[in-house]
Amino acid sequence: MGGLYSLPSPSGRGEKGAMPPRFLILETSHRLGQVAFAQGEIIVGARTLDESRRHARDLAPAIHELLHAQGWRARDLDGVIVSRGPGSYTGLRVGLMSAKTLAYATGCPLLAIDTFDAIYQQAPAECQIVDVTADAQQGNIYVQRFGSHSEPLTIVPFEKWLESALANQVAVTGPGLEIFADRIRGMTVLPRETWQAMPLSLLKIGLARFLKGERDDPFAVEPLYLRASSAEEKWEKLHQEPRTK
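Structure below.
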């Protein structure tokens, strides 16, 4: 885990010259969308879009305005970093489509980041076990447990997750807290500013991948979603009580 406001200095440079690589960062999994530009490890410009302005017709102008403010052109970008969920279905579709279109048009790498990985990066280093959560509707939540034995993203009924979280003394974060924070007792709830994936956290993960030469296929990347039935089966297998003979 790292801090919310600092990154290690990168050891590489973009392919287009001696300057640090330039990135567009899109985060549209949350009801508040975010558009940001970064150079190396520094966020150089950012804009927040409210829930009514996360559509393609609003996202494109925000990107162009920030490009203009930096004196950049789309072809100056070295990479496009985008969150891929879980989160708002409509928001993710718009963000991913915009990111894929721009990456394809400019030929720069697309770096799709799991939203919960970015949120986990924002947790204090002293938190040994962290559950990142989001509302999955109908009394269910998305949850992914991070720590020494990290687990895959899954969907479980809220009450079932709560029982496990209390037993394991986890710290809780993620946009799910906007829905059920008042139903949690006896657990560490991380500060509200850590609940949403921030551009700097997406940049930290995306920059590390970029410097390794990694990229995602714009034609293959899809929003991260799970079917509740299969996800719950996986949770049961991970957390089932030992059977007595």
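Basically our numbering = 1-based index in the sequence shown + 482. Cβ coordinates follow ideal geometry from the N, Cα and C atoms, glycine included.
Look at residue i and residue j and say whether their C-beta atoms are less than 9 Å apart.
{"i": "Gly-589", "j": "Gln-610", "result": "no"}
{"i": "Leu-593", "j": "Phe-692", "result": "yes"}
{"i": "Ser-565", "j": "Ile-524", "result": "no"}
{"i": "Ala-616", "j": "Pro-673", "result": "no"}
{"i": "Ser-580", "j": "Ala-542", "result": "yes"}
{"i": "Gly-688", "j": "Phe-505", "result": "yes"}
{"i": "Lys-582", "j": "Pro-700", "result": "yes"}
{"i": "Val-652", "j": "Val-612", "result": "yes"}
{"i": "Thr-676", "j": "Thr-655", "result": "yes"}
Below 8 Å on the Cβ atoms is my guess for residue i versus residue j; work out the distance and round it to an integer in Å.
{"i": "Ile-623", "j": "Phe-640", "result": "5 Å"}
{"i": "Val-625", "j": "Trp-643", "result": "5 Å"}
{"i": "Ala-544", "j": "Val-517", "result": "5 Å"}
{"i": "Ala-600", "j": "Leu-684", "result": "5 Å"}
Starting from residue i, follow its DSSP beta bridges and name the residues at the other end.
{"i": "Arg-529", "result": "Val-517"}
{"i": "Ala-663", "result": "BP columns for Ala-663 are empty, so no partner."}
{"i": "Ile-623", "result": "Asp-617 and Val-638"}
{"i": "Gly-695", "result": "The partner list for Gly-695 (beta bridge, DSSP) is empty, contrary to what the question assumes."}
{"i": "Glu-509", "result": "Gln-516"}
{"i": "Thr-655", "result": "Val-614"}
{"i": "Gly-561", "result": "Phe-505"}
{"i": "Phe-628", "result": "Val-612"}
{"i": "Leu-592", "result": "Val-562 and Asp-698"}
{"i": "Ile-524", "result": "Gln-521"}
{"i": "Val-671", "result": "Val-654"}
Relative to the alpha-carbon of residue i, which residue among the options has its alpha-carbon at the smallest distance?
{"i": "Val-576", "options": "Gly-515, Glu-547 and Glu-633", "result": "Gly-515"}
{"i": "Gln-552", "options": "Asp-560, Gln-521 and His-631", "result": "Gln-521"}
{"i": "Ile-563", "options": "Pro-503, Gln-619 and Glu-608", "result": "Pro-503"}
{"i": "Leu-648", "options": "Asp-540, Pro-634, Glu-660 and Arg-627", "result": "Arg-627"}
{"i": "Glu-696", "options": "Asp-532, Glu-633, Asp-664 and Asp-560", "result": "Asp-560"}
{"i": "Gln-619", "options": "Tyr-707, Val-526, Met-501 and His-631", "result": "Tyr-707"}
{"i": "Asp-558", "options": "Pro-591, Leu-574 and Leu-531", "result": "Pro-591"}
{"i": "Ile-661", "options": "Val-638, Pro-634 and Gly-621", "result": "Gly-621"}
{"i": "Asp-698", "options": "Ser-632, Leu-578 and Glu-608", "result": "Leu-578"}
Closer than 9 Å, CB to CB, is residue i near chain D or not?
{"i": "Ile-524", "result": "Protein chain content of the structure displayed is limited to a single chain, and chain D is not contained in it."}
Is the segment 503-511 close to the segment 567-575, with three or more CB pairs under 8 Å? The segment 503-511 vs the segment 567-575: in contact.
Touching or not, the segment 601-615 and the segment 676-683, by the rule of three or more beta carbon pairs under 8 Å? Three or more Cβ pairs drawn from the segment 601-615 and the segment 676-683 lie within less than 8 Å of each other, which places the two stretches in contact.
Contact between the segment 578-593 and the segment 664-679 is defined here as three or more beta-carbon pairs at a separation below 8 Å; is this criterion met? Not touching, per the Cβ criterion.
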